[in-house]
């Protein structure tokens, strides 16, 4: 079983990536990077990462979230985060990244924020 | 609570990080440490082993990463030794400084210091670097 599973679905012009597993150095971080790059190549620039089922993330995974955020921003798009676990919220707080990312607890609110 | 020591010698590969973390989790399950403390130790160990594999040994599989786990009634102490030339931890930029917030890397040592009570580095005269991390009970 893959370290990180990513399921892609479309909600209007927003692409939602439902992720489950671990975003850690190696396979998990690479899977996230590959998915985001592919979406950008396909012209999908409004991306919502649903992190509800992400059980673990390390500094490499957080770095990949930051890289994805800046890459999408440079391409004129938006990356937003949905359903952070308490642990991930704590990690983003201590790294001062919680104020950088646009974070939502409700998918409808997150989707509306892209409009 | 009796004292216990476990030593691991692992190859310099990325998958070593998960193997070390699994061994530490198994060790901690016998140590009676709290779940919160175990989460922090797990984070710190993953970051320390990642640094040893990538920056210390530069993924040279001829070099090992050696991990020593010690549990005592007062604390859990974990040392991670690589065969790299070492570095000055004071030279590592603060990842929470405004100019570094959006950098993709550079948060590993910050996590180690955040989650452990003591973190220090020793550049050993016979070669290699050891990071020693302590979590008090």
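Protein chains in written order, with the numbering used here: chain C, 1473 to 1587; chain P, 40 to 176.
For glycine and all other residues, C-beta sits at the position ideal for the given N, C-alpha and C.
Since we're looking at a predicted model, the values are computed, not measured.
- For residue 82 of chain P, the C-beta contacts it makes with chain C under 8 Å involve 1530, in order along the chain.
- Against chain P, the beta carbon of residue 1585 of chain C has no neighbour under 8 Å; the closest one sits roughly 21 Å away.
- In the assembly as shown, residue 1482 of chain C is an exposed residue. Its beta-carbon has fewer than 16 other beta-carbons within 10 Å.
- The residues 1477 and 1525, in chain order, have a CB closer than 6 Å to that of residue 1492 of chain C in the same chain once the five nearest residues on each side in sequence are set aside.
- With a cut-off of 8 Å on Cβ pairs, the stretch 1535–1553 of chain C is not in contact with the stretch 126–136 of chain P, counting fewer than three such pairs.
- Counting only Cβ-Cβ distances below 7 Å, residue 72 of chain P has no contacts in chain C at all, with the closest Cβ about 17 Å away.
- Membership of residue 77 of chain P in the alpha helix (DSSP H) is indicated by the continuous run 74–90.
- Following the DSSP letters along the chain, one finds residue 1559 of chain C inside the alpha helix (DSSP H) bounded by residues 1558–1566.
- Residue pairing by DSSP places residue 104 of chain P opposite P:49 in a beta bridge.
- Contact with chain C is found for residue 134 of chain P, since one of that chain's Cβ atoms lies less than 8 Å from the residue's Cβ.
- In this chain, residue 1510 of chain C is not harboured by any beta strand (DSSP E); it is covered by the alpha helix (DSSP H) spanning 1499–1513.
- Here residue 73 of chain P is exposed. Its C-beta has fewer than 16 other C-beta atoms within 10 Å.
- Contact note: residue 54 of chain P reaches chain C through 1498, using a C-beta cutoff of 8 Å and chain order.
- Remark: C-beta atoms of residue 59 of chain P and residue 170 of chain P do not approach each other more closely than 8 Å.
- Leaving aside the five residues that flank residue 1528 of chain C on each side, the residues in its chain whose CB is nearer than 7 Å to its CB run, in chain order, 1494 and 1496.
- The beta-carbon of residue 1572 of chain C is placed less than 8 Å from the nearest beta-carbon of chain P.
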